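Engineer:
Number of protein chains: 2
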Amino acid sequence: MRPDDERTDSPNSPSPTGNSHAVTYRLQHTDTGCRARLGTLTTPHGEVALPTFMPVGTVGTVKGVTIDQVVATGAGIILGNTYHLALRPGADVVAQLGGLHTFSGWQGPILTDSGGFQVFSLAERVKITEQGARFQSHIDGARIDLTPEESIAIQEKLGSDIAMQLDHVIALPAEREAIADAMLRSARWAERCQQAARRQDQSIFAIVQGGLDADLRRESAERLVELDFAGYAIGGLSVGEEPAEMYRTIDDTIPHLPTDRPRYLMGVGRPEDLIEAVYRGVDMFDCVMPTRNGRNALAFTDAGPVRLRNECHKTDPAPLDADCPCPACRHSRGYLRHLFTSGEMLGPILLSIHNLTYYQRLMTAARQAIAADRYPEFRQQKLAGWQRG
Amino acid sequence: MRPDDERTDSPNSPSPTGNSHAVTYRLQHTDTGCRARLGTLTTPHGEVALPTFMPVGTVGTVKGVTIDQVVATGAGIILGNTYHLALRPGADVVAQLGGLHTFSGWQGPILTDSGGFQVFSLAERVKITEQGARFQSHIDGARIDLTPEESIAIQEKLGSDIAMQLDHVIALPAEREAIADAMLRSARWAERCQQAARRQDQSIFAIVQGGLDADLRRESAERLVELDFAGYAIGGLSVGEEPAEMYRTIDDTIPHLPTDRPRYLMGVGRPEDLIEAVYRGVDMFDCVMPTRNGRNALAFTDAGPVRLRNECHKTDPAPLDADCPCPACRHSRGYLRHLFTSGEMLGPILLSIHNLTYYQRLMTAARQAIAADRYPEFRQQKLAGWQRG
């Protein structure tokens with residue numbers, strides 16, 4: 001079966017009732033050997049083949065990469081950070097400059113997060129109440145209130161295709177009661193986000209919380225599914241837990257999510273995490289790893305990560321990956337090493353592009369494997385390659 | 001007359017004897033109203049329309065710009081710095097990685113300077129003797145001897161199309177005797193470079209010195225022309241003198257250079273300097289200004305420089321230049337300002353590309369004006385625009 005075949009007879013096909021969301025998901029095929037699924041996300045700014053990886057465009061720029069170069073990596077949708085954009089340049093400035101699409105120059109779909117994770121990870125003097133989060137900007141110390149309603153108002157000014165609900169993220173490990181409290185608050189905030197939404201050309205994804213507790217994850221999913229969101233994210237992971245715990249929590253959550261909505265694992269992750277999560281039924285990812293690691297001279301390859309500052313690359317004429325079409329792979333490893341040891345900007349630029357291209361090629365290969373019902377073998381093959389490296 | 005017309009009947013056409021240099025110049029047309037001239041430089045890596053501006057690729061990279069992006073600016077030839085490349089990664093490493101073309105990925109012509117100017121401007125504890133320059137690396141303090149022969153040996157390892165002679169650059173103002181000494185030493189070094197050269201696929205350009213003294217410039221030019229170089233540079237300018245003094249010195253030098261060889265004004269300069277020098281008969285330029293200023297948020301436009309950090313651009317939806325095809329000009333000034341105020345790499349990247357594109361478009365327009373015998377009017381129009389800004 002080819003990726004763009006439509007299967008209306010599948011037991012996993014969209015509910016015949018459909019939904020009226022601006023952003024919709026069409027399931028095309030589920031691998032016969034696992035939960036990996038092929039689908040299409042339709043948004044006001046075009047369609048995206050799922051599973052997909054979203055490059056992170058923190059303040060309206062994927063760091064060090066022009067929009068043409070982002071397109072050339074194969075990306076179909078990018079992510080913008082509400083927290084960062086609200087601080088600089090401010091949502092009103094973005095709105096005056098035409099919204100995030102015009103501002104950044106990215107004409108495809110955009111997902112904005114809600115700021116919840118950045119409040120948890122970056123802000124200072126954070127106080128969470130039922131009303132929302134009160135905190136100080138990590139840039140200038142300004143006092144800021146971020147409520148579910150305000151998060152949606154900002155995201156509507158940004159004009160993303162997909163807005164994320166504001167959620168209450170807590171550090172793990174934590175007491176079960178604290179995890180349950182945050183999960184229940186997140187569910188109440190999801191409903192407030194839904195009620196605050198005004199734009200017809202934007203859909204909200206809800207975020208399942210509940211730490212590593214299967215029962216709390218199930219309860220969170222059930223509460224949110226009841227509210228009928230356009231998509232569901234799995235949040236609160238990749239915060240320091242073991243990969244195996246993350247994979248188990250995905251397994252505990254996915255069965256409680258509807259098959260006709262996309263599933264987005266937030267802030268994940270390493271190539272192996274993407275492969276494991278797709279295996280378990282996840283459709284969408286975002287992570288700063290390809291760009292952040294690229295800036296630090298680490299390149300992803302099928303043989304595992306390559307650290308380009310190492311002396312062994314000094315006179316190596318081979319490219320990182322002879323099959324990769326990215327501009328970094330038209331140079332030798334020796335040249336790339338030289339850029340980093342000389343402190344040249346082009347090093348971070350080229351490796352950011354290479355790593356983003358690597359992630360996109362990985363997702364393209366995953367979609368092809370699912371379409372051919374050979375995702376489990378594909379997974380084994382990829383994991384073996386990375387472990388060899 | 002169109003730029004690519006060939007004029008064999010012109011009094012300025014190449015000498016019928018021609019020359020056996022790997023790099024040759026064909027004069028196509030001299031503007032009827034001034035000394036501005038249109039020509040073609042032929043090198044082992046292709047042809048370049050002159051006048052032209054060479055982006056500076058210090059250590060084998062135009063800072064922050066990929067090779068595809070350099071090509072897209074319209075550049076026809078780039079410059080590499082012998083001093084910088086000799087220190088990092090070392091000429092032998094570049095040679096092992098296939099030479100500077102393969103190393104950098106730039107397949108067009110490359111000119112390498114000799115290191116003379118960097119010894120003057122960057123190195124520490126410099127001691128110049130008749131033998132050469134002895135100095136300490138500005139990076140690790142290593143003791144280095146750079147002789148004319150060594151400079152050519154390094155440039156042969158780099159494999160550039162055009163190697164520059166090692167010259168003795170001195171700070172201005174200086175005593176006439178010191179200027180004369182350095183000029184005569186540079187002429188002797190030119191001959192030593194010529195005698196040291198082994199590669200058939202590389203030509204050497206000599207460098208006219210002599211400070212701001214017309215007689216010394218004439219004497220320098222005559223000595224070098226006698227030796228029959230493939231091209232002649234005007235060196236030792238743009239070291240702090242007034243623009244008018246630089247222009248006068250160009251006027252004092254050009255008549256003593258042969259019409260059938262290209263003339264290269266080293267390290268220059270601002271857009272107005274290029275326009276004034278082309279008016280006086282100069283064919284080639286290099287300068288870090290477009291990239292260095294771009295990294296510092298200064299953009300060149302026909303209305304003069306634009307400082308993008310200024311508050312006035314905060315919500316400006318207009319591009320820098322609606323007619324410019326570069327990727328920066330697909331964004332608003334407000335977005336570009338935001339990139340700089342947020343410390344995002346994309347700001348320096350986009351403005352470097354814009355400024356390089358600006359310089360190339362300026363040279364393209366200059367060539368068209370010369371071809372149409374309207375260079376003097378073109379010059380006036382450009383200068384008026386920049387002064388208005």
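Top line first, the protein sequences correspond to chains E and W.
Heads up: the first sequence begins at 1 in full-length UniProt numbering, then just goes up one per residue.
Heads up: the second sequence begins at 1 in full-length UniProt numbering, then just goes up one per residue.
C-beta atoms are modelled at their ideal positions from N, C-alpha and C, and glycine is treated no differently.
Please read these numbers as outputs of a predicted model, since none were measured by experiment.
Check whether the Cβ atoms of Gly236(W) and Val169(W) sit closer than 8 angstroms, and answer yes or no.
Structural biologist: yes
Engineer: Which term fits Asn310(E), buried or exposed, when burial requires 16 or more other beta carbons within 10 angstroms of its beta carbon?
Structural biologist: exposed
Engineer: So which residues on chain E does Arg292(W) lean against when the C-beta distance must stay under 8 angstroms?
Structural biologist: Simply none; closest approach about 12 angstroms.
Engineer: Hey, is the stretch 354–368 of chain E in contact with the stretch 48–57 of chain E, meaning 3+ C-beta pairs nearer than 8 angstroms?
Structural biologist: By the Cβ rule, the stretch 354–368 of chain E counts as touching the stretch 48–57 of chain E, because three or more pairs are nearer than 8 angstroms.
Engineer: Quick one: any contact between the stretch 286–293 of chain E and the stretch 317–332 of chain E, if contact means 3 or more CB pairs under 8 angstroms?
Structural biologist: no
Engineer: Check each residue of the stretch 55–79 of chain W: if its Cβ is closer than 9 angstroms to any Cβ of chain E, include it; give the result in chain order.
Structural biologist: For the stretch 55–79 of chain W, residues whose beta-carbon sits nearer than 9 angstroms to a beta-carbon of chain E comprise Thr58, Val59, Gly60, Thr61, Val62, Lys63, Gly64, Val65, Thr66, Ile67, Asp68 and Gln69.
Engineer: Let me know the secondary structure DSSP gives His29(W) once reduced to three states.
Structural biologist: strand
Engineer: Taking C-beta to C-beta, are Leu356(W) and Thr291(W) nearer than 8 angstroms?
Structural biologist: Contact flag set, yes.
Engineer: Can the beta-carbon of Gly64(E) be found less than 8 angstroms from the beta-carbon of Ser352(E)?
Structural biologist: yes
Engineer: Near Thr42(E), what residues of its chain come up, given a Cβ to Cβ distance below 6 angstroms and the 5 sequence neighbours on each side ignored?
Structural biologist: Thr24
Engineer: Run through DSSP, which three-state label would Val169(E) get?
Structural biologist: coil
Engineer: So what does Tyr232(E) bridge to, in DSSP terms?
Structural biologist: Looking at the DSSP output, Tyr232(E) bridges to Ala206(E) and Arg263(E).
Engineer: Going by DSSP in three states, Gln131(E) sits in which element: helix, strand or coil?
Structural biologist: coil
Engineer: Could you tell me if Arg367(E) is buried or exposed, where buried requires 16 or more neighbouring beta carbons within 10 angstroms of its beta carbon?
Structural biologist: buried
Engineer: Runs of 4 residues minimum, wholly inside the stretch 21–100 of chain E: which ones carry the alpha helix (DSSP H) assignment?
Structural biologist: 67–73, 82–87 and 91–96
Engineer: Determine the DSSP secondary structure at Arg337(W), reduced to helix, strand or coil.
Structural biologist: helix
Engineer: Between the Cα of Ala86(E) and those of Val70(E), Asp113(E) and Val71(E), spot the shortest distance and give me the residue it belongs to.
Structural biologist: Asp113(E)
Engineer: So the candidates are Thr129(E), Ala196(E), Cys193(E) and Gly60(E); which of them puts its Cα closest to the Cα of Gly105(E)?
Structural biologist: Gly60(E)
Engineer: List, in order along the chain, the chain W residues whose C-beta lies closer than 7 angstroms to that of residue 401(E)?
Structural biologist: Residue 401(E) cannot be examined here, being either before or after the span of chain E that is shown, 1 to 389.
Engineer: Since Ala180(W) and Leu227(W) are thought to touch, with beta carbons under 8 angstroms apart, how far apart are those beta carbons, to the nearest angstrom?
Structural biologist: Actually they do not touch by this definition, with Cβ atoms about 18 angstroms apart.
Engineer: Can you tell which of His84(W), Leu166(W) and Ile128(W) has the C-alpha that lies nearest to the C-alpha of Lys138(W)?
Structural biologist: The question names Lys, but residue 138(W) in the sequence shown is His. For the residues His84(W), Leu166(W) and Ile128(W), the minimum Cα distance to His138(W) belongs to His84(W).
Engineer: Does any C-beta atom of chain E lie closer than 8 angstroms to the C-beta of Arg188(W)?
Structural biologist: no
Engineer: Assign Ile353(W) to one of three DSSP states: helix, strand, or coil.
Structural biologist: Residue state, collapsed to three classes: helix.
Engineer: Name the two residues that bound the continuous beta strand (DSSP E) containing Met183(W).
Structural biologist: Looking at the DSSP string, Met183(W) is not in any beta strand (DSSP E); the run it does join, the alpha helix (DSSP H), is Arg176 to Ala196.
Engineer: Whole angstroms are fine: how far does the CA of Thr249(W) sit from the CA of Asp213(W)?
Structural biologist: 7 angstroms
Engineer: Can you give me the C-alpha to C-alpha distance between Arg37(W) and Thr253(W), rounded to a whole angstrom?
Structural biologist: 16 angstroms
Engineer: In chain order, which beta strand (DSSP E) runs of at least 3 residues are fully inside the stretch 263–297 of chain E?
Structural biologist: 263–265 and 284–286
Engineer: From Asn81(W) to Ala133(W), what does the alpha carbon distance come to, in whole angstroms?
Structural biologist: 16 angstroms
Engineer: Assuming the contact rule is C-beta atoms closer than 8 angstroms, Ala22(W) and Asp201(W) should be a hit. Round their C-beta distance to whole Å, please.
Structural biologist: Indeed they touch by this definition, with Cβ atoms about 5 angstroms apart.
Engineer: Are the C-beta of Gly304(W) and some C-beta of chain E separated by less than 8 angstroms?
Structural biologist: no
Engineer: Find the nearest neighbour of Gln165(E) within the set Ala371(E), Phe117(E) and Asp140(E), judged by alpha-carbon distance.
Structural biologist: Phe117(E)
Engineer: Tell whether a beta-carbon distance below 8 angstroms holds between Gly231(W) and Pro271(W).
Structural biologist: No, Cβ-Cβ distance for Gly231(W) and Pro271(W) is not below 8 angstroms.
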